[in-house]
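K.L.:
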Amino acid sequence: MALFAVDKPLGITSHDVVDAARRRLGTRRVGHTGTLDPLATGVLILASNSSTKLVPFLSAEDKEYLAWVSFGATTETLDAEGPVTEEAPVRFSRKDLETTLPHFLSLTEQIPPAYSAVKIGGVKAYEAARKGESLHLTPRPVKYLEVTLLAFEPAPKTYRIGPSPNGWEITPVKGRPAPGDAGTQVKGRPAPGDAGTQRGRLVQLPRALGTYPTAVIRLVVGSGTYVRAFARDLGELLGTKAFLSGLVRTRVGRVGLERCVPLEKIDPEHPLEETQALSFPLVQLSHAEVKRVLEGVPLPIPAQGYVALVDNRRQLIAIAEGDGFKLKIKRVFKK
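First residue of the sequence shown: 9, per our numbering; consecutive thereafter.
1) Just the Cα atoms here: how many angstroms apart are Leu290 and Ala326?
2) Looking at C-alpha atoms only, which residue of Glu303, Ala48 and Arg321 is the closest neighbour of Trp76?
3) Applying the criterion that 16 or more other CB atoms from any shown protein chain within 10 Å of the CB defines a buried residue, is Phe251 buried or exposed?
4) What does a CB cutoff of less than 7 Å around Lys61 pick up in its chain, not counting 5 residues either side in sequence?
5) Look at the alpha carbon of Glu244 and the alpha carbon of Phe79, and state the distance between them as a whole number of angstroms.
6) Identify, in the order they occur along the chain, each residue of the same chain with its Cβ nearer than 8 Å to the Cβ of Arg148, setting aside the five sequence neighbours on each side.
7) For a quick check, are the C-beta atoms of Ile309 and Gly332 less than 8 Å apart?
8) Please go through the segment 230-282 and give each complete alpha helix (DSSP H) segment of 4 or more residues, from N-terminal end onward.
9) Which residues bound the alpha helix (DSSP H) around Pro1?
10) Quick check: the Cα distance between Gly196 and Glu281, rounded to an integer number of angstroms?
11) Quick check: the segment 263-270 against the segment 156-176, are there 3 or more CB pairs under 8 Å?
12) Exposed or buried, which one is Gly170 when buried takes at least 16 other CB atoms within 10 Å?
13) Should Ile20 be flagged as near chain D, meaning a C-beta pair shorter than 8 Å?
14) Which whole-angstrom value is the C-beta distance of Val256 and Gly50, which I expect to be below 8 Å?
15) Can you find the residues in the same chain that come closer than 6 Å, C-beta to C-beta, to Leu33, ignoring five residues on each side of it along the sequence?
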């Protein structure tokens, strides 16, 4: 099995990344575990060959983002693709913004963007939107686990970012970034006062559409949550218009951006281990239990929820779901 964690670059589609990986890995069987828009960067997990069986499980993992939300304008796509289609005054304070953000933690449904892959009557919403047609989009289930304001500036501003025990953080850029600095990777949190050095990862933002007040917000969300819809709705709650002016996906499940490699450095000899990517608890099986799993027989193990079943070499055998009394096999990976 073969998983690869890629740092998706700015300006290309997730499908472009898959195509490049197919050429590099020498196989057509490559998929990804969650689309990133062209103007977004960050964690994109690729699965090749038999690892494509893991895609439904990895796609369902929680995801962490750093989102740049600009206020006072909007676009058709709700991101920085442009052009600006409408402007509105910005009359709220940072305090108003901080007070509004907790609203999303109790949100359970949200209308997806018009430019999205949601299908209505077999037609994708973005296909209809490009033709100037409008589909009636109904609210979809969403889950917001964390919404934290990290910065609020008069205009979009780039930062260095790095992991911390509480999630990915931002650090102001001091001085002029060195050429080719955007892909610098570090482990651990940038040291205080160290932002002007090569520590941290310099974020690449899309071309700014104007000088609009911009917040940087750390989000942890469940599968199916559109960050562009978050930007739209946040603007409405604050009495203005808003759009997503930058987005970095910093984590998918257990896989953080610090573990990702540039697209051109995918190495077929060094895949990501499946058990390192899955957030399910591991259950190690005996030889006899492995045999029963391969035969599709439920195991009398009192686990709750999804678990990853591994053999004595910690190789993934199957994904199972427990009801507290026994495990029902959901997908077998080894024969």
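Note that CB positions come from ideal geometry on N, CA and C, so glycine has one too.
P.N.:
From the atom records:
1) 10 Å
2) Ala48
3) buried
4) Arg339 and Phe341
5) 10 Å
6) Glu117, Gln118, Ile119, Pro120, Val126 and Gly232
7) no
8) 235-245
9) Outside the shown range of the chain, which is 9 to 343, sits residue 1, and nothing can be said about it.
10) Any answer about Gly196 is weak, because its pLDDT of 34 lies below 50 and its placement is not dependable; what the coordinates show is given next. Between Gly196 and Glu281, the C-alpha separation is close to 21 Å.
11) yes
12) buried
13) Considering every chain present, this structure includes no chain D. It has just one protein chain.
14) 4 Å
15) Ser56 and Pro276
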